[in-house]
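**Q** Structure provided below as structure tokens; questions to follow.
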Amino acid sequence: MAIGRFGPQVKRSNQSYGFFVKLSATVVLGLCFVIVWSVFSNYSVTSQRQTFDDIAEPVSAASNGKVSNFGVHSEKIVPKKEKESGKQRFKSGLGDKDKKINNGSVPLKPEKKPENGGGGNAKLSKKDGENKNQEDEGSEVEEEEEVITEKGDDEGNDGDEDANAIANANDSVEEDANFINAEEFDQESSEEDNGGSRKANRKTSGPVFDPKKRYTWKLCNTRSKHNYIPCIDIESATGRLQSYRHHERSCPRSAVMCLVPLPRDGYGTPVRWPESKGKILYKNVEHPKLATYIKTQDWLVESGDYLTFPQNQSVFKGGVQHYLESIEEMVPDIELGKNIRIVLDMGCKDSSFMASLLEKDVLTLTLGLKDDLVDLAQVALERGFPAVVSPLATRRLPFPSGVFDAIHCGECSISWHSNGATKLILEMNRILRPGGYFILSAKHSSIEAEEALSTLTASICWNILADKTDELSDIGMKIYQKPEGNDIYELRRKKVPPLCKENENPDFAWYAPLKTCLHIVPEAIEQRGAEWPAEWPKRLHTFPEWMNNREKLIADSEHWRSIVNKSYLVGMDIDWSTIRNIMDMKAISGGFAAAVSDQSVWVMNVVPVHAPNTLPIIFERGLLGVYHDWCESFGSYPRSYDLLHADHLFSRLKNRCKQAIVIVVEMDRLLRPGGWAIIRDKVEIINPLEEILRSLHWDIRMTFAQDREAILSAQKTTWRP
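According to this note's numbering, the sequence shown is numbered sequentially starting from 599.
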């Protein structure tokens, strides 16, 4: 019997031994496959971005909606609409590399790289900052509030070191995308400010988005409700608006993780451009104070469900056309749409002023204040005109120096005889181009204010070109011109205000206090601002002497033109007739904005404050832009934009923002229902980002991955929690 029992035990032992042998063999073969795959999958890192950008019809990398890091999709692409989800996704498989795309799209083959390696570090001259980061001027900055944080943000980071290694290995990939040297032209500033009190943001470890984390959303409960601008509407813990509400920008200490609700009666599909110039849906901009304002004005009329803007009506008596003609008659050197392309309108009164200038090819940016009276900047945005909300009190405006061809101040409510008027006029002088024009108009001015303004303008050597009252409109108009040279400053009997020191950076503008000194005018030909830009539209593609590496900037423009024409316009199922307001969230030299300039759109080019100072290049080309820190809320109303473009924004903010999720929440606030987002980044960022957007009930319209780079196209819905 013992022998009988011993036999089955030996048999079971042999079976167990065989099982472990098979398991070990499987593990070894699996490891060999991983090693071989990792070796051969990295062969195209240096050229992957160039082939990636020239797709005519982007494809989904995987049928399950997740972006994979597969190699080149070279098999035939067959578009297939998924009716169940209401979106269009293109699917493809992996096949022979010799197979070509034959459905009308462009084959995925690499372009020829520029002889110089594809870099494009367009530097500014030494006196213009030599691409200094905005935050490297910490000695100029006031105390700032603590970086926004969220409870539990350090949870779920176990095992993130592998993701970090992947991200670090891919840092060199992005430079081919923008024809820019990543180390010199598009790299974060990780150093603390030089002697300043503002602290650098803490670096984070682990991936940009935690793939394990799940988010639940709720509506913001604020007094501003559907018009909430977090860094402008300063509310107490009880929700009550504080008295200094709009005197200065100040962001909440804790992360804004709530979603801004829709207007009370919902948000309707915006009127398409160019019809929106004449009418907009009233419920999209409805505000109690706006209803009161409408009753006292004749340039905007409530007509059923719409606000209409009669062409022959304006804040200016006699019409805005007569107003503009008067300006050109008083100063013939002002040629709107030729030498005058970029105008800043201080305080949004009548957006018909921008509409009339746009007909002359003048791009006007309205500097709006969200006040307790009227929300007119929101009206301008809904009509399809550029606007940004930024207080002007004690800090500089978020623009570089010497970029606006003209500044218009029509009834802008500045008390010229107040103590702070000197700093305000110096700030306008800072952002005004040498030889640029300051246009001031008002119906009624006190003698005290007139004398104070004359003293101020004389102290900074502005030349008064015209001073008259128009008989038809009964509006007093003054037109000043900023000096084009520095000799006149030396002729002042009183050197007040004094000239700024040479180490004062005039371009440093993020949380920088207003100065009481006068910046000198650049005069050398290699300095920006020494010469007036070319007339529009030649200006868009002209790169003057002060831009170093002009060849690389030209290559960057051609690069983005190829992407837009071969991918964005034809391969993403976007109806471009619905697109008017666009934001490029990480612009470099304005290449994307220039590429879409043939469309009926305008682009707000945002240069992050931690990036090199390329915003002057954008303005020089006749485009608009602004500095911004994406760890904070942007200065604009909710539902301002039709399309957001983010090219490697999140990977560049990896070591800056405490939590990148706040940027996604901000994108949801800025984008209109039905609006689009095009996001290009690394695969390990796009994968979890796609799931976050799904949690916000955005429709993922297209995903595509090639090697370690990916692109995502999504459309926001009307969903609110």
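Just so you know, even glycine gets a beta-carbon here, dropped at the ideal spot from N, CA and C.
Just to confirm, are residue 902 and residue 1000 a CB contact at a threshold of 7 Å?
**A** Counting from one through the sequence shown, the residue named residue 902 turns up at place 304. Counting from one through the sequence shown, the residue named residue 1000 turns up at place 402. No, they are not a contact pair.
**Q** Rounding to the nearest angstrom, what Cα-Cα distance links residue 906 and residue 869 in this structure?
**A** One-based indexing of the sequence shown puts residue 906 at position 308. One-based indexing of the sequence shown puts residue 869 at position 271. Rounded to whole angstroms, residue 906 to residue 869 spans 11 Å at the Cα level.
**Q** Quick check: the Cα distance between residue 1043 and residue 915, rounded to an integer number of angstroms?
**A** Residue mapping note: residue 1043 aligns to position 445 of the sequence shown, counting from 1. Residue mapping note: residue 915 aligns to position 317 of the sequence shown, counting from 1. When rounded, the distance between both Cα atoms is 17 Å.
**Q** Which value, in whole angstroms, describes the spacing of the CA atoms of residue 861 and residue 828?
**A** By one-based count along the sequence shown, residue 861 stands at place 263. By one-based count along the sequence shown, residue 828 stands at place 230. Their backbone Cα atoms lie some 17 Å apart in a straight line.
**Q** Please report the straight-line C-alpha distance between residue 842 and residue 996, rounded to a whole angstrom.
**A** Locating residue 842 in the sequence shown gives position 244, counting from the first residue. Locating residue 996 in the sequence shown gives position 398, counting from the first residue. The pLDDT assigned to residue 842 is 40, lower than 50, so where the model puts this residue is not dependable; a value taken from the coordinates is nonetheless given after this. If I take the Cα positions, the gap works out to 20 Å.
**Q** Which value, in whole angstroms, describes the spacing of the CA atoms of residue 889 and residue 974?
**A** Residue 889 sits at position 291 when you count from the first residue of the sequence shown. Residue 974 sits at position 376 when you count from the first residue of the sequence shown. Going from the Cα of residue 889 to the Cα of residue 974 covers about 12 Å.
**Q** Closest by CA to residue 1114, which one among 1179, 873, 1023 and 917?
**A** Your numbering for residue 1114 matches position 516 in the sequence shown. It is 1023 whose Cα lies nearest to the Cα of residue 1114.
**Q** Could you pull out every unbroken beta strand (DSSP E) segment of at least 3 residues lying fully inside the region 1110-1195, listed in chain order?
**A** 1179-1182
**Q** Between the alpha carbons of residue 1107 and residue 1208, how many angstroms are there, rounded?
**A** In the sequence shown, residue 1107 corresponds to position 509, counting from 1. In the sequence shown, residue 1208 corresponds to position 610, counting from 1. Each residue's Cα considered, the two are about 12 Å apart.
**Q** Kindly indicate the opening and closing residues of the alpha helix (DSSP H) around residue 951.
**A** As a first step, residue 951 must be located in the sequence shown, where it is residue number 353. Annotation for residue 951: the continuous alpha helix (DSSP H) segment containing it runs 950-956.
**Q** By DSSP, does residue 1303 sit in helix, in strand, or in coil?
**A** Indexing the sequence shown from 1 puts residue 1303 at position 705. In this structure, residue 1303 counts as strand in the three-state DSSP scheme.
**Q** Note down the Cα distance separating residue 1185 from residue 897, rounded to an integer number of angstroms.
**A** Within the sequence shown, numbered from 1, the residue matching residue 1185 stands at position 587. Within the sequence shown, numbered from 1, the residue matching residue 897 stands at position 299. Straight-line Cα distance between these residues: approximately 36 Å.
**Q** How many angstroms separate the CA atom of residue 1297 from the CA atom of residue 1272?
**A** In the sequence shown, the residue the question calls residue 1297 occupies position 699. In the sequence shown, the residue the question calls residue 1272 occupies position 674. Distance between the alpha carbons of residue 1297 and residue 1272 is about 10 Å.
**Q** Which residues does DSSP list as the beta-bridge partners of residue 1078?
**A** Taking the sequence shown and counting its residues from 1, the one referred to as residue 1078 is at position 480. Looking at the DSSP assignment, residue 1078 forms a beta bridge with 1036 and 1062.
**Q** Output needed for residue 663: all residues of its chain with C-beta closer than 6 Å, excluding positions within five of it in sequence on either side, in chain order.
**A** For the purposes of this step, residue 663 is taken as residue 65 along the sequence shown, with counting starting at 1. Residue placement at residue 663 cannot be trusted, given a pLDDT of 38 that sits under 50; the coordinates are not used to answer.
**Q** By Cβ distance below 7 Å, which residues in the same chain neighbour residue 1002 in space, the five residues on each side in sequence not counted?
**A** Along the sequence shown, one-based indexing puts residue 1002 at 404. Once the five neighbours on either side are set aside, the close Cβ partners of residue 1002 are 940, 941, 942, 1029, 1030, 1031 and 1034.
**Q** Per DSSP, residue 960 forms a beta bridge with which residues?
**A** Position 362 of the sequence shown, counted from the start, is the residue given in the question as residue 960. Paired residues: none, contrary to the question.
**Q** Alpha carbon to alpha carbon, what distance is there between residue 1018 and residue 1112?
**A** By one-based count along the sequence shown, residue 1112 stands at place 514. By one-based count along the sequence shown, residue 1018 stands at place 420. Their Cα atoms are separated by approximately 10 Å.
**Q** Using only the alpha-carbon positions, how far apart do residue 1283 and residue 805 sit?
**A** Within the sequence shown, residue 1283 is the residue found at index 685, counting from 1. Within the sequence shown, residue 805 is the residue found at index 207, counting from 1. Computed Cα separation, rounded: 8 Å.
**Q** Alpha carbon to alpha carbon, how far is residue 872 from residue 1053? Give it in angstroms, no decimals.
**A** By 1-based counting over the sequence shown, the position of residue 1053 is 455. By 1-based counting over the sequence shown, the position of residue 872 is 274. Taken atom to atom, the span from the alpha-carbon of residue 1053 to that of residue 872 is near 44 Å.
**Q** Would residue 1214 pass as a contact of residue 998 if the rule is Cβ separation under 7 Å?
**A** By one-based count along the sequence shown, residue 1214 stands at place 616. By one-based count along the sequence shown, residue 998 stands at place 400. Contact flag set, yes.
**Q** Do you know how far the Cα of residue 1254 is from the Cα of residue 1308?
**A** Taking the first residue of the sequence shown as position 1, residue 1308 is located at position 710. Taking the first residue of the sequence shown as position 1, residue 1254 is located at position 656. If I take the Cα positions, the gap works out to 22 Å.
**Q** If you run the structure through DSSP and keep just helix, strand and coil, what is residue 1275?
**A** Taking the sequence shown and counting its residues from 1, the one referred to as residue 1275 is at position 677. Note: residue 1275 maps to strand in three-state DSSP.
**Q** To which residues of the same chain is residue 913 closer than 7 Å at the C-beta, ignoring the five residues directly before and after it?
**A** Position 315 of the sequence shown, counting from 1, holds the residue named residue 913. Around residue 913: 897, 947 and 948.
**Q** Can you list, in chain order, the stretches of the alpha helix (DSSP H) that have 4 or more residues and sit fully within the region 1198-1254?
**A** 1213-1218 and 1247-1250
**Q** What are the partner residues of residue 943, as DSSP defines its beta bridges?
**A** The count along the sequence shown starts at 1 and reaches residue 943 at position 345. 964 and 1006, per the DSSP bridge assignment.
**Q** For the structure I just gave you, are there three or more beta carbon pairs, one from the region 1115-1123 and one from the region 1005-1014, closer than 8 Å?
**A** no
**Q** Taking only three categories from DSSP, how would you classify residue 981?
**A** Numbered from its first residue, the sequence shown carries residue 981 at position 383. Three-state DSSP puts residue 981 in a helix.
**Q** How should residue 1169 be labelled, buried or exposed, when 16 other C-beta atoms within 10 angstroms of its C-beta is the threshold for buried?
**A** Position 571 of the sequence shown, counting from 1, holds the residue named residue 1169. So residue 1169 ends up on the buried side.
**Q** Could you give the distance in angstroms between the alpha-carbon of residue 823 and the alpha-carbon of residue 1263?
**A** Here residue 823 is taken as the residue at index 225 of the sequence shown, counted from 1. Here residue 1263 is taken as the residue at index 665 of the sequence shown, counted from 1. If I take the Cα positions, the gap works out to 16 Å.
**Q** Can you name the start and end residues of the beta strand (DSSP E) that residue 918 belongs to?
**A** Start at 1 with the first residue of the sequence shown, and residue 918 comes out as number 320. Following the DSSP letters along the chain, one finds residue 918 in no beta strand (DSSP E) but inside the alpha helix (DSSP H) bounded by residues 918-928.
**Q** Could you please give the first and the last residue of the uninterrupted alpha helix (DSSP H) stretch that includes residue 1021?
**A** For this step, residue 1021 is matched to residue 423 along the sequence shown. Unbroken alpha helix (DSSP H) run through residue 1021: 1019-1029.
**Q** Should residue 1092 go down as buried or exposed, given a rule of 16 or more other Cβ atoms within 10 Å for buried?
**A** On the sequence shown, position 494 is the one that residue 1092 refers to. By the 10 Å Cβ count, residue 1092 comes out exposed.
**Q** Any idea which residues DSSP pairs residue 900 with across the strands?
**A** Position 302 of the sequence shown holds residue 900. Bridge partners of residue 900: 905.
**Q** Closest by CA to residue 564, which one among 1015, 1025 and 983?
**A** The chain is shown from 599 up to 1319; residue 564 falls before or after that span and cannot be answered.
**Q** From residue 638 to residue 1227, what does the alpha carbon distance come to, in whole angstroms?
**A** Mapped onto the sequence shown, residue 638 falls at position 40. Mapped onto the sequence shown, residue 1227 falls at position 629. Low confidence applies here, because residue 638 scores a pLDDT of 46, under 50, leaving its location unreliable; read the following figure in that light. Straight-line Cα distance between these residues: approximately 39 Å.
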